[in-house]
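K.L.:
If you're matching positions, the sequence shown starts at 1 in the UniProt record's numbering and goes up one per residue.
By construction, the Cβ of each residue, glycine as well, lies at the ideal position given by its N, Cα and C atoms.
Mind having a look at this structure? Questions to follow.
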Amino acid sequence: MLNQNNSHFHPKINEIFKPLKKMQLLTELLFLAMISAKFTLLIQVQRTIDSISPDNTAGTQRYLKLCALLILLFFLINCVFQYFFRNLQYNSHYTLIKSLFGLALEKDCAFHEKYVSSAVLSMVKDDSKFISDWKSIGIITVTGNVVTMVFAFVIMLRYSVLIAAVIFLAILLCFCITQYISKIISAKTYDLQVSNTEMNRKIIDYLNGIRDIKQLKKEPFFRDQLVNFIDRNTCRHSRGISQYYSVFTSIYAVLTTALPVLSILIGVILILQQQYTIGSMIAVFALAENLQEPVLTIPDFLNLRRQALAMQSKILPVLQASPADYATKTLESMEAFSFHSDSYAFQDGKTILRHVDFVVRKGKPVIVKGESGKGKTSLFNLISRFYSTQEQPVSMEYNGIPVETIPPWLYYQHVLQAQQQPCIFQDTVLKNITLGEACDTQALEKVLHTACLEEFVASKGLDFQITQNGENISGGQRQRIGLARVLLREPDILMLDEPTSALDPELVSVLTERVAQYCLHHGIALILISHNDSFEQYYREMRIPVEFVWV
């Protein structure tokens with residue numbers, strides 16, 4: 001639920017929007033210039049009307065020319081203002097998306113275990129829109145419309161205190177009522193966004209399982225699952241918002257219709273009493289018309305501020321700094337890495353890795369053995385710090401240093417795991433391997449050879465464009481690009497989980513020999529999970545000592 005006590009924006013949010021202050025100020029000044037031109041034009045129109053008489057044709061013509069110039073000026077200022085206003089809105093949202101995505105990437109793996117990708121996507125892209133709209137154009141819009149309202153009332157007072165007082169009281173009453181309604185709308189909007197996040201997660205989960213859905217002919221089942229969720233949750237929240245918005249907008253619709261009519265009715269009475277002119281009545285009517293936008297916009301944007309604060313509480317996990325204080329500042333090349341586990345328990349109660357102890361030595365191979373489901377991959381994820389060891393009887397030391405005291409970025413300079421499903425993105429082969437880092441040509445060629453990519457690169461080239469998720473290359477090529485990526489960085493510990501699983505049989509022995517030799521040559525401790533025993537067989541034939549770890 002919405003935290004009503006949250007009334008300020010997070011310092012990180014304020015920091016993100018600091019570079020946009022100059023553009024905001026310029027846009028605000030243009031808004032004020034446009035308001036000034038508009039009200040100056042209204043006053044000139046009143047003077048033009050009141051100057052109309054057979055004896056003052058020249059004076060009326062001068063006023064008409066001035067009105068024409070003011071219309072042109074208003075048009076030009078409005079064009080420039082609208083450009084900066086819209087540009088500011090778009091730039092602000094993209095700036096916030098870029099910053100939030102960067103912050104999300106900097107979070108540790110425990111964060112990404114807790115929040116699935118669809119939830120992070122919703123925080124970064126959808127929830128942030130409320131915040132960026134308020135922090136960019138919201139403040140400008142409210143300020144500009146408040147100035148419009150003040151100008152309108154001040155000028156209106158010049159024409160009629162009575163009309164100004166009546167209109168002011170009507171607006172004040174409506175504002176008090178709608179502020180209460182807008183708080184309810186804000187809370188319900190927060191609930192709707194939470195529901196939308198869950199809906200996104202379900203859609204992604206179902207689409208990820210499309211093969212099972214198609215094989216088992218369960219399209220109607222999963223469609224109904226989503227339909228039922230939307231009907232029970234998302235639609236329910238949106239209906240509530242629609243109900244309150246109907247009252248909210250109806251109040252102001254009646255008010256904005258009534259204000260100009262009210263000004264005319266009172267104006268007619270004052271004219272009959274010879275306390276008013278027709279020009280003044282038209283001017284006040286126009287001023288009342290100009291109050292329509294502030295009357296509608298100010299409450300709407302104040303409600304946007306509440307929604308932005310509510311969404312801020314939703315994206316707070318991304319904004320909050322990591323509480324970890326790492327004591328280790330530097331790390332030498334690995335001599336020994338120790339792992340000890342009494343057991344490791346998942347949230348569902350499943351327990352693995354009972355009484356597992358081993359030490360990894362520099363440049364020495366380790367092969368992890370065990371039945372399926374006993375925790376071999378989880379062991380890798382613990383060493384890689386993808387899983388948290390907090391409140392678990394698990395300890396790891398790198399050169400005698402507790403792993404939890406080492407900053408992740410420093411740790412990953414020495415310990416890497418090649419992913420079975422590596423991150424392959426739309427770019428060149430070279431970019432997918434180097435990830436934008438400069439590298440030595442000879443080192444790159446050696447890595448391409450080790451990962452059995454030399455023929456692929458010879459035929460396609462390093463500039464070959466890989467499509468999103470590597471859809472235009474084979475699974476084995478994707479896996480070997482991921483392998484080349486970690487080999488290039490020459491870690492002290494390299495973990496490979498089924499490194500030959502996606503390879504053709506004729507490539508298995510070649511890659512096994514090349515990777516084993518590469519690691520031995522560079523002093524890399526290779527930790528392996530492999531069911532085809534190709535590495536075990538190679539080490540046995542070459543009489544290279546191997547440590548076996550049983551889980």
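By the DSSP assignment, the beta strand (DSSP E) with Val549 in it spans what residues?
P.N.:
Locating residue 549 in the sequence shown gives position 549, where the first residue counts as 1. Val549 -> beta strand (DSSP E) spans 547 to 550.
K.L.:
Tell me where the alpha helix (DSSP H) around Val124 begins and ends.
P.N.:
Within the sequence shown, residue 124 is the residue found at index 124, counting from 1. No alpha helix (DSSP H) contains Val124, which DSSP labels as neither H nor E.
K.L.:
Taking 6 Å as the limit between beta carbons, can you name the residues of its chain near Ala516, skipping five residues before and five after?
P.N.:
Start at 1 with the first residue of the sequence shown, and residue 516 comes out as number 516. Closer than 6 Å at Cβ, skipping near neighbours: Tyr538.
K.L.:
Let me know if Arg480 comes out buried or exposed under the rule of 16 or more other beta-carbons within 10 Å of its beta-carbon.
P.N.:
Translated into positions along the sequence shown, residue 480 becomes position 480. Around the C-beta of Arg480, 16 or more other C-beta atoms lie within 10 Å, and the residue is accordingly described as buried.
K.L.:
Considering Cα atoms alone, identify which of Gly144, Tyr245, Glu219, Ser195 is closest to Tyr180.
P.N.:
Counted from its first residue, the sequence shown places residue 180 at position 180. Tyr180 has its Cα closest to that of Tyr245, out of Gly144, Tyr245, Glu219, Ser195.
K.L.:
Within its chain, find whatever has a CB closer than 7 Å to the CB of Ser186; leave out the 5 residues flanking it on each side and keep chain order.
P.N.:
Within the sequence shown, residue 186 is the residue found at index 186, counting from 1. Only Leu2, Asn303, Arg306, Gln307, Ala310 meet the Cβ criterion.
K.L.:
Buried or exposed: Asp212, going by 16 or more other Cβ atoms within 10 Å of its Cβ?
P.N.:
Start at 1 with the first residue of the sequence shown, and residue 212 comes out as number 212. Counting Cβ neighbours within 10 Å, Asp212 comes out exposed, since fewer than 16 surround it.
K.L.:
What distance in whole Å lies between the Cβ atoms of Pro294 and Met149, which are believed to be in contact at a cut-off of 8 Å?
P.N.:
Walking along the sequence shown from the start, residue 149 turns up at place 149. Walking along the sequence shown from the start, residue 294 turns up at place 294. So it is a contact: roughly 4 Å between Cβ atoms.
K.L.:
Identify, in the order they occur along the chain, each residue of the same chain with its Cβ nearer than 6 Å to the Cβ of Met23, setting aside the five sequence neighbours on each side.
P.N.:
As a working mapping, residue 23 is identified with position 23 in the sequence shown. Closer than 6 Å at the Cβ level, and outside the excluded window around Met23, lie Leu88.
K.L.:
Distance, Cα to Cα, Trp550 vs Val356?
P.N.:
By 1-based counting over the sequence shown, the position of residue 550 is 550. By 1-based counting over the sequence shown, the position of residue 356 is 356. Straight-line Cα distance between these residues: approximately 7 Å.
K.L.:
For a test of the three-state rule: what should DSSP assign to Ser395, helix, strand or coil?
P.N.:
Along the sequence shown, read from residue 1 onward, the residue named residue 395 stands at position 395. Secondary structure of Ser395 (DSSP, three-state): strand.
K.L.:
Tell me which residue opens and which closes the alpha helix (DSSP H) that Ile315 is part of.
P.N.:
Locating residue 315 in the sequence shown gives position 315, counting from the first residue. Segment 292 to 319, the alpha helix (DSSP H) holding Ile315.
K.L.:
Measuring only the C-alpha atoms, how far is Thr389 from Gly475?
P.N.:
As a working note, residue 389 is residue 389 in the sequence shown. As a working note, residue 475 is residue 475 in the sequence shown. The straight-line gap from Cα to Cα measures roughly 32 Å.
K.L.:
Output the distance between the C-alpha atoms of Ser378 and Ile131, rounded to the nearest integer angstrom.
P.N.:
The residue given as residue 378 occupies position 378 in the sequence shown. The residue given as residue 131 occupies position 131 in the sequence shown. Here the alpha carbon of Ser378 sits roughly 38 Å from the alpha carbon of Ile131.
K.L.:
Quick check on Pro19: buried or exposed, where buried means 16 or more other Cβ atoms within 10 Å of its Cβ?
P.N.:
As a position in the sequence shown, residue 19 is number 19, starting the count at 1. Here Pro19 is exposed, its C-beta having fewer than 16 other C-beta atoms within 10 Å.
K.L.:
In or out: Asn469 buried (at least 16 other Cβ within 10 Å) or exposed?
P.N.:
On the sequence shown, residue 469 is found 469 positions in, with the first residue counted as 1. Exposed, because fewer than 16 other Cβ atoms sit within 10 Å of the Cβ of Asn469.
K.L.:
State the beta-bridge partners of Phe358 as determined by DSSP.
P.N.:
For this step, residue 358 is matched to residue 358 along the sequence shown. Paired residues: Phe339.
K.L.:
Could you tell me whether the Cβ atoms of Glu338 and Val366 are closer together than 8 Å?
P.N.:
As a first step, residue 338 must be located in the sequence shown, where it is residue number 338. As a first step, residue 366 must be located in the sequence shown, where it is residue number 366. In the sequence under discussion, the amino acid at residue 338 is Ser, which differs from the Glu named in the question. No, they are not a contact pair.
K.L.:
In this structure, does DSSP put Met23 in helix, strand or coil?
P.N.:
Taking the first residue of the sequence shown as 1, we reach residue 23 at position 23. Residue state, collapsed to three classes: helix.
K.L.:
For Leu192 and Ile241, which I take to be in contact (beta-carbon distance under 8 Å), what is that distance rounded to the nearest angstrom?
P.N.:
For the purposes of this step, residue 192 is taken as the residue at position 192 of the sequence shown. For the purposes of this step, residue 241 is taken as the residue at position 241 of the sequence shown. Sure, about 6 Å apart at Cβ, within 8 Å.
K.L.:
State the CB to CB distance for the pair Ile266 and Leu162, rounded to an integer number of angstroms; the pair is presumed to be in contact (CB under 8 Å).
P.N.:
On the sequence shown, position 266 is the one that residue 266 refers to. On the sequence shown, position 162 is the one that residue 162 refers to. About 6 Å separates the two Cβ atoms, so the contact holds.
K.L.:
Consult DSSP for Asp212 and reduce its assignment to one of helix, strand or coil.
P.N.:
Residue mapping note: residue 212 aligns to position 212 of the sequence shown, counting from 1. In the structure shown, Asp212 sits in a helix (DSSP, three-state: H, G or I).
K.L.:
Can you confirm whether the stretch 408 to 417 touches the stretch 487 to 494 when touching is taken to mean that 3 or more C-beta pairs between the two stretches lie within less than 8 Å?
P.N.:
yes
K.L.:
Could you tell me the alpha carbon to alpha carbon distance between Leu169 and Ile177, rounded to whole angstroms?
P.N.:
Here the question's residue 169 lines up with position 169 in the sequence shown. Here the question's residue 177 lines up with position 177 in the sequence shown. Each residue's Cα considered, the two are about 13 Å apart.
K.L.:
Could you work out which residue in Leu410, Ser372, Leu353, Gln82 is closest to Ala382 when comparing CA atoms only?
P.N.:
Position 382 of the sequence shown, counting from 1, holds the residue named residue 382. Checking the displayed sequence, the identity of residue 382 turns out to be Leu instead of Ala. Minimum Cα-Cα distance from Leu382 among the listed residues Leu410, Ser372, Leu353, Gln82 corresponds to Leu353.
K.L.:
Does the distance from the C-beta atom of Pro299 to that of Phe175 stay below 8 Å?
P.N.:
As a position in the sequence shown, residue 299 is number 299, starting the count at 1. As a position in the sequence shown, residue 175 is number 175, starting the count at 1. Cβ atoms of Pro299 and Phe175: closer than 8 Å.
K.L.:
So, at 8 Å on beta carbons, what are the nonlocal neighbours of Asn5 in its own chain, with the 5 sequence-adjacent residues on each side left out?
P.N.:
The count along the sequence shown starts at 1 and reaches residue 5 at position 5. Note on Asn5: pLDDT 47, under 50, position unreliable in the model; no value is reported.
K.L.:
So, helix, strand or coil for Gln4, using DSSP?
P.N.:
The residue labelled residue 4 in the question sits at position 4 within the sequence shown. The predicted position of Gln4 is uncertain, since its pLDDT is 44 and thus under 50; a value taken from the coordinates is nonetheless stated next. It is coil, neither helix nor strand.
K.L.:
Taking the straight line between their C-alpha atoms, what separation do you get for Leu73 and Tyr63?
P.N.:
Stepping through the sequence shown from its first residue, residue 73 is reached at position 73. Stepping through the sequence shown from its first residue, residue 63 is reached at position 63. Cα to Cα, the separation comes out at about 15 Å.
K.L.:
Return the bridge partner residues of Gln465 from the DSSP annotation.
P.N.:
As a first step, residue 465 must be located in the sequence shown, where it is residue number 465. According to DSSP, which records beta bridges pairwise, Gln465 is partnered with Thr428.
K.L.:
At a Cβ threshold of 8 Å, is Asn56 touching chain D?
P.N.:
In the displayed structure, chain D is absent; only one protein chain is listed.
K.L.:
When you compare only the Cα positions, how much space is there between Met334 and Asp497?
P.N.:
What you label residue 334 is simply residue 334 of the sequence shown in a count that begins at 1. What you label residue 497 is simply residue 497 of the sequence shown in a count that begins at 1. Straight-line Cα distance between these residues: approximately 21 Å.
K.L.:
Within 10 Å of its beta-carbon, does Asn14 have 16 or more other beta-carbons around it, so buried, or fewer, so exposed?
P.N.:
Position 14 of the sequence shown, counted from the first residue, corresponds to residue 14. The residue is exposed, with fewer than 16 neighbouring Cβ atoms inside 10 Å.
K.L.:
Would you kindly work out how many angstroms separate the C-alpha atoms of Cys439 and His522, rounded to a whole number?
P.N.:
Within the sequence shown, numbered from 1, the residue matching residue 439 stands at position 439. Within the sequence shown, numbered from 1, the residue matching residue 522 stands at position 522. For Cys439 and His522, the distance between alpha carbons rounds to 17 Å.
K.L.:
Alpha carbons only, please: which of Tyr398, Leu410, Val268 is nearest the one belonging to Thr330?
P.N.:
As a position in the sequence shown, residue 330 is number 330, starting the count at 1. For the residues Tyr398, Leu410, Val268, the minimum Cα distance to Thr330 belongs to Leu410.
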